[in-house]
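*Asks:*
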Amino acid sequence: GKGEYDHFMLKEIHEQPTALSQALEGRIDTQNARIALADFEPGTFADVDSVQFVACGTSYHAALYGSLALKQAGIESTALLANEYSVSAPPVDDDTLVVAVTQSGETADTLNALRQAEAEGAMTVTVTNVVGSTAAREADEALFIRAGPEIGVAATKTFSSQAVMLTLLGQRIAADRHGEPSADLETLLPDLAAMPDAIDDLLAETDAEAIAERYHGSRSYFFIGRGLGFPVALEGALKFKEITYEHAEGFASGELKHGPLALVTPDTPVFAIFTGQEDEKTLKNAEEAQTRGAPVIAVCPEGHRAVDVADAHLEIPETDADLAGLLANVQLQLVSYYAADLLDRPIDKPRNLAKSVTVE
Ligand code: F6R
Numbered sequence: 245g246k247g248e249y250d251h252f253m254l255k256e257i258h259e260q261p262t263a264l265s266q267a268l269e270g271r272i273d274t275q276n277a278r279i280a281l282a283d284f285e286p287g288t289f290a291d292v293d294s295v296q297f298v299a300c301g302t303s304y305h306a307a308l309y310g311s312l313a314l315k316q317a318g319i320e321s322t323a324l325l326a327n328e329y330s331v332s333a334p335p336v337d338d339d340t341l342v343v344a345v346t347q348s349g350e351t352a353d354t355l356n357a358l359r360q361a362e363a364e365g366a367m368t369v370t371v372t373n374v375v376g377s378t379a380a381r382e383a384d385e386a387l388f389i390r391a392g393p394e395i396g397v398a399a400t401k402t403f404s405s406q407a408v409m410l411t412l413l414g415q416r417i418a419a420d421r422h423g424e425p426s427a428d429l430e431t432l433l434p435d436l437a438a439m440p441d442a443i444d445d446l447l448a449e450t451d452a453e454a455i456a457e458r459y460h461g462s463r464s465y466f467f468i469g470r471g472l473g474f475p476v477a478l479e480g481a482l483k484f485k486e487i488t489y490e491h492a493e494g495f496a497s498g499e500l501k502h503g504p505l506a507l508v509t510p511d512t513p514v515f516a517i518f519t520g521q522e523d524e525k526t527l528k529n530a531e532e533a534q535t536r537g538a539p540v541i542a543v544c545p546e547g548h549r550a551v552d553v554a555d556a557h558l559e560i561p562e563t564d565a566d567l568a569g570l571l572a573n574v575q576l577q578l579v580s581y582y583a584a585d586l587l588d589r590p591i592d593k594p595r596n597l598a599k600s601v602t603v604e
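In this text, residue positions in the sequence shown follow the UniProt record's numbering: the first is 245, and each later residue adds one.
1. What do you reckon, is the C-beta of residue 203 under 8 Å from a heavy atom of the ligand F6R?
2. Taking the C-alpha atoms as reference points, what is the distance between PRO261 and ALA568?
3. Does the beta carbon of SER405 fall short of 8 Å from some heavy atom of the ligand F6R?
4. Compute the minimum distance between the beta carbon of THR354 and the heavy atoms of the ligand F6R, and state whether it is under 8 Å.
5. Measuring only from the beta carbon, is VAL551 closer than 8 Å to any heavy atom that is part of the ligand F6R?
6. If contact is defined by three or more beta carbon pairs under 8 Å, each pair taking one atom from either stretch, is the stretch 411 to 427 in contact with the stretch 306 to 322?
7. Would you decide whether GLN275 is buried or exposed? Buried here means 16 or more other CB atoms lie within 10 Å of its CB.
8. Please confirm whether any heavy atom of the ligand F6R lies closer than 8 Å to the CB of LYS401.
9. Check whether the Cβ of residue 194 sits closer than 8 Å to any heavy atom of the ligand F6R, and report yes or no.
10. In chain order, what residues of the same chain have a beta carbon less than 8 Å from the beta carbon of VAL603, not counting five sequence neighbours either side?
11. Return the chain-ordered list of same chain residues with a C-beta closer than 7 Å to the C-beta of THR450, the five sequence neighbours on each side being excluded.
12. Please determine whether the Cβ atom of VAL345 lies at a distance below 8 Å from any heavy atom of the ligand FAD.
13. So if DSSP puts PHE388 in a beta bridge, which residue, or which two residues, is it bridged to?
14. Does ALA282 pass the burial test, meaning 16 or more other C-beta atoms within 10 Å, or should it be called exposed?
15. DSSP on ALA598, reduced to helix/strand/coil?
16. Would you be able to state if there are at least three C-beta pairs under 8 Å between the stretch 332 to 343 and the stretch 287 to 294?
17. So which of GLU522, ALA344, HIS305, GLY310 has the shortest CA-CA distance to LEU410?
18. Compute the distance between the beta-carbons of ASP566 and ASP435, then report whether it is under 9 Å.
19. In whole angstroms, what separates the C-alpha of THR563 from that of THR488?
20. Compute every distance between the C-beta of LEU500 and the non-hydrogen atoms of the ligand F6R, then say whether any falls below 8 Å.
21. Could you tell me if LEU268 is buried or exposed, where buried requires 16 or more neighbouring beta carbons within 10 angstroms of its beta carbon?
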């Protein structure tokens, strides 16, 4: 049941520290700065030249996150919408790895993309929450995120667990490919291990409810981020529209001035996500919206320069640049939740949506 919580979504947001601990259990070795993914034989990914991630919706945002992290680790990689794969897939060969990211393991669009990739000779992996799901059975390899069951239609803990496991998988692919683990692991792994505590701290101190109240009744809600902050902006907006039924859009920070700025007014709060990647540019983009009267909510650590500029602040604990976006996402999940609650929406079962989409 929901226990002390009014909705499964809020319960599942609060389960993220546990979900991540379960995901990481036995899979990282912080002492030796190594990844211990015994899910795969040594050298499984040694011949991988390029990686394609395929997924839909929230899982696509996790895939985009994982794909960017992999690129930063020096491997050619791209995230593709599974429902576009049949009309827009880049070529694959037997050195292409196709990673199907699907919480349920039953999403028809994602299964179709997986099957197409297999038919074309790619190696396939699925990152999923469901042991025994179709994706787990059909892919060459499966990596289980161990998030536990998610009842709320809006994906929350599974997004965080997917993004973390994709970050880990990416490091493993890069290590197999390059014959040695990346030097970044020495700083990344301790911060990864500290994620459950960081999320606990964030949950204990969040101002998300007050922010939701302050901007209640706005015309539209915008989310901007760059680099690893971009998929988080997209996810922030998707969650917001799904459960509040209000208009929300996520943009790459630098895109704001190429069109969307026409929509910006004092009635369109802008959530700006700072992940430590070219934050100065994102701050400038946020200020461009502020000049047009939009309130800016900075999602960033305490002491960040954006806090002085912004109209409001959602604090995230200090962490590695590879992980900051995931903490920002938790704050945005909470803002969506409280905004939807103020509007009295059926949060766990939004209209027109189903937990698992088994039609094309
Ligand atoms: C949004 C949401 C959906 C799913 C999408 C893919 O909150 O849950 O966008 O992420 O339908 O589902 P899976 O991950 O089961 O393939």
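Virtual Cβ for every residue (Gly too), placed ideally from N, Cα, C.
*Replies:* Taking the geometry as given:
1. It is not possible to answer for residue 203, since the shown part of the chain is limited to 245 through 604.
2. The residue labelled residue 261 in the question sits at position 17 within the sequence shown. The residue labelled residue 568 in the question sits at position 324 within the sequence shown. So the alpha carbons of these two residues sit roughly 15 Å apart.
3. Position 161 of the sequence shown holds residue 405. Not under cutoff, so the answer is no.
4. As a first step, residue 354 must be located in the sequence shown, where it is residue number 110. A heavy atom of the ligand F6R is found nearer than 8 Å to the CB of THR354.
5. Translated into the one-based positions of the sequence shown, residue 551 becomes position 307. Incorrect: VAL551 has no Cβ contact closer than 8 Å to the ligand F6R.
6. Contact between the stretch 306 to 322 and the stretch 411 to 427 is present, with at least three C-beta pairs closer than 8 Å.
7. Here residue 275 is taken as the residue at index 31 of the sequence shown, counted from 1. GLN275 comes out exposed.
8. Against the sequence shown, residue 401 aligns to sequence position 157. LYS401 Cβ: outside cutoff for every heavy atom of the ligand F6R.
9. Only positions 245 to 604 of the chain appear in the structure, and residue 194 is not among them; the question remains open.
10. Translated into positions along the sequence shown, residue 603 becomes position 359. ALA352.
11. Counted from its first residue, the sequence shown places residue 450 at position 206. The beta carbon of THR450 is closer than 7 Å to those of GLN575, LEU578 in its chain, skipping five residues each way along the sequence.
12. Although the ligand FAD was asked about, the structure shown includes only the ligand F6R as ligands.
13. Within the sequence shown, the letter at position 144 stands for residue 388. Beta-bridge pairing links PHE388 to THR372.
14. On the sequence shown, residue 282 is found 38 positions in, with the first residue counted as 1. Exposed.
15. Indexing the sequence shown from 1 puts residue 598 at position 354. Of the three classes helix, strand and coil, the one that applies to ALA598 here is coil, per DSSP.
16. yes
17. What you label residue 410 is simply residue 166 of the sequence shown in a count that begins at 1. Ranked by Cα distance from LEU410, the options GLU522, ALA344, HIS305, GLY310 are led by GLY310.
18. Start at 1 with the first residue of the sequence shown, and residue 566 comes out as number 322. Start at 1 with the first residue of the sequence shown, and residue 435 comes out as number 191. Going by C-beta atoms, ASP566 is nearer than 9 Å to ASP435.
19. In the sequence shown, the residue the question calls residue 563 occupies position 319. In the sequence shown, the residue the question calls residue 488 occupies position 244. Computed Cα separation, rounded: 30 Å.
20. Counting from 1 along the sequence shown, the entry for residue 500 is found at position 256. Answer for LEU500: no, Cβ out of range of the ligand F6R.
21. Position 24 of the sequence shown holds residue 268. The residue in question, LEU268, is buried, as its Cβ has 16 or more Cβ neighbours within 10 Å.
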